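K.L.:
In order, the protein sequences belong to chains A and B.
Take 0 as the starting number for the first sequence in numbering that gives the first Met the number 0 and just add one per residue.
Take 0 as the starting number for the second sequence in numbering that gives the first Met the number 0 and just add one per residue.
Built from N, CA and C at the ideal position, the CB exists for glycine as well.
Just so it is clear, the structure is predicted and the values come from calculations on it, not from any experiment.
2 protein chains.
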Amino acid sequence: MTQTLPATIDPRLDLVLERVVDVPPSLVWKAWTTPEHLMKWFCPLPWTTVECEIDLRPGGLFRTVMCSPEGEIQPAGNGCYLEVVSNERLVWTDALLPGYRPSGAPFFTGMILLEPHGTGTKYTAIALHKDEESCKQHAEMGFHQGWGTALDQLVAYVKTLG
Amino acid sequence: MTQTLPATIDPRLDLVLERVVDVPPSLVWKAWTTPEHLMKWFCPLPWTTVECEIDLRPGGLFRTVMCSPEGEIQPAGNGCYLEVVSNERLVWTDALLPGYRPSGAPFFTGMILLEPHGTGTKYTAIALHKDEESCKQHAEMGFHQGWGTALDQLVAYVKTLG
Chain A
0 MTQTLPATID PRLDLVLERV VDVPPSLVWK AWTTPEHLMK WFCPLPWTTV ECEIDLRPGG
60 LFRTVMCSPE GEIQPAGNGC YLEVVSNERL VWTDALLPGY RPSGAPFFTG MILLEPHGTG
120 TKYTAIALHK DEESCKQHAE MGFHQGWGTA LDQLVAYVKT LG
Chain B
0 MTQTLPATID PRLDLVLERV VDVPPSLVWK AWTTPEHLMK WFCPLPWTTV ECEIDLRPGG
60 LFRTVMCSPE GEIQPAGNGC YLEVVSNERL VWTDALLPGY RPSGAPFFTG MILLEPHGTG
120 TKYTAIALHK DEESCKQHAE MGFHQGWGTA LDQLVAYVKT LG
């Protein structure tokens, strides 16, 4: 695989998941950018995504609400899209609220980078943090396993879309 | 003047400076986006701007260093551009560092909106804050007078460019 990580990646501060999946970039994009579809795969089971709002433009809202296996609704995750390049690049952050207002609880900026790879997709998910402590915390929350399992769910789900 | 403020403006959280100036949007834009020019007007005298770096693209660096009247260099202000629409709209935030990494010290998101107004410009400067306390702090730091004086300096300076 070619090296396509942004120049700003710092291994002490950032987490990266790189995979090749056997569905095309257009289906991965659709799964990430349509609430109806995103809710089907976004949380590793037995967690579920019970609400999702997407205003797909720079400055627009990305909001999800998760529910624990015990049925406990979690506080909403509110973020703001920064870059929206169809089938290629999705960037959002919880450091900003919609309309670019600074948030009270910055934790990470997320990037999903998609590249055609044969008939599939080279999929790169990145989480950027402000310091090593936040990065470590995200790793210990299970970033790699969680985002990996969610990606497996995404692939299985979009294959059912036909 | 027509109402062109973004829908996200909240008078409890945000500060707005609206003025009509007698120089065209293209000159105001040049003054805001070229380090050589920005350093000439950005700080209300007797404060001065002694360093400026501009990477004029979403995700790019906006960095300034100010110097007090006593010659004391202040800590650099580091921000990240969010929207760059020539002669119309410039948005940046210190909630993010270049490449969209969350910063450790979010304070405000800035917007400069420019509209042709006769041969001049309707100029709108906005500072968005996360809470009322940050907004009040910014107001007490002299937002209106400071940004107003800087704009006077900008106008006087760009008129010398010929």
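Can you confirm whether G103/B, when its beta carbon is compared against all beta carbons of chain A, has any partner nearer than 8 Å?
P.N.:
yes
K.L.:
Which runs of the beta strand (DSSP E) at least 3 residues long sit entirely within the stretch 83-153 of chain B? Give them in chain order.
P.N.:
Every unbroken stretch of the beta strand (DSSP E) spanning 3 or more residues and falling wholly within the stretch 83-153 of chain B is given here in chain order: 88-92, 108-116 and 119-127.
K.L.:
When DSSP labels each residue in this structure, what does V22/B get in the three-state scheme?
P.N.:
coil
K.L.:
Once the 5 residues before and after V27/A are set aside, which same chain residues still bring their CB inside 6 Å of it?
P.N.:
L113 and T120
K.L.:
Determine the closest residue to P115/B out of T7/B, V20/B, A94/B and G109/B, with distance taken between C-alpha atoms.
P.N.:
V20/B
K.L.:
Tell me where the alpha helix (DSSP H) around E52/B begins and ends.
P.N.:
Unbroken run through E52/B is the beta strand (DSSP E), T47 to I53; no alpha helix (DSSP H).
K.L.:
If you run the structure through DSSP and keep just helix, strand and coil, what is T32/B?
P.N.:
helix
K.L.:
Report the residue from G78/A, T33/A, T63/A and W46/A whose alpha carbon sits nearest the alpha carbon of G70/A.
P.N.:
Ranked by Cα distance from G70/A, the options G78/A, T33/A, T63/A and W46/A are led by W46/A.
K.L.:
Would DSSP call L37/A helix, strand or coil?
P.N.:
helix
K.L.:
Tell me the residue span of the beta strand (DSSP E) that contains L60/A.
P.N.:
Note, L60/A: beta strand (DSSP E), L60 to C66.
K.L.:
Would Y99/B pass as a contact of L89/A if the rule is Cβ separation under 8 Å?
P.N.:
The criterion of a C-beta distance shorter than 8 Å is not satisfied by Y99/B and L89/A.
K.L.:
What does DSSP give as the partner residues of I8/A in its beta bridges?
P.N.:
Answer is none; I8/A lacks a bridge partner.
K.L.:
Please tell me whether F107/B has its Cβ less than 8 Å away from any Cβ of chain A.
P.N.:
yes
K.L.:
Using a beta-carbon distance cut-off of less than 7 Å, what residues from the stretch 78-95 of chain A approach chain B?
P.N.:
L81, E82, V90, T92, A94 and L95
K.L.:
Is the separation between the beta-carbon of P97/B and that of P101/A shorter than 8 Å?
P.N.:
no
K.L.:
What residues are listed by DSSP as bridge partners for Y80/A?
P.N.:
W91/A
K.L.:
Take the Cβ of V84/A as the centre, count every other Cβ of all protein chains shown within 10 Å, and call the residue buried at 16 or more, exposed below.
P.N.:
exposed
K.L.:
Measure from the C-beta of Q2/B to each C-beta in chain A and report whether the shortest distance is under 8 Å.
P.N.:
Annotation note: pLDDT 44 at Q2/B (below 50); position unreliable, coordinate value reported separately. By this cut-off, Q2/B is not an interface position.
K.L.:
Quick check: the Cα distance between P34/A and D93/B, rounded to an integer number of angstroms?
P.N.:
30 Å
K.L.:
Cα separation between A149/A and G141/A?
P.N.:
12 Å
K.L.:
Where does Q2/A fall in DSSP's three states?
P.N.:
Per-residue confidence for Q2/A stands at a pLDDT of 44, beneath the threshold of 50, marking its modelled position as unreliable; no derived number is given.
K.L.:
Residues of the stretch 120-140 of chain A with a CB closer than 9 Å to any CB of chain B: list them in chain order, please.
P.N.:
Those residues of the stretch 120-140 of chain A that come within reach of chain B (Cβ to Cβ, closer than 9 Å) are L127, H128, K129, D130 and S133.
K.L.:
Which partner residues of L16/B appear in the DSSP bridge assignment?
P.N.:
A124/B
K.L.:
For T118/A, which residues of its own chain have a beta-carbon under 8 Å away from its beta-carbon, when the five flanking residues on both sides are left out?
P.N.:
D21 and P23
K.L.:
Within the 8 Å Cβ cut-off, does P34/B reach chain A?
P.N.:
No, its Cβ sits nowhere closer than 8 Å to a Cβ of chain A.
K.L.:
Should T1/B be labelled buried (16 or more other beta-carbon atoms within 10 Å of its own) or exposed?
P.N.:
Below a pLDDT of 50, predicted positions are generally treated as unreliable, and T1/B, at 42, falls in that range; the measurement from the model is reported next regardless. Answer is exposed; the Cβ neighbour count stays below 16.
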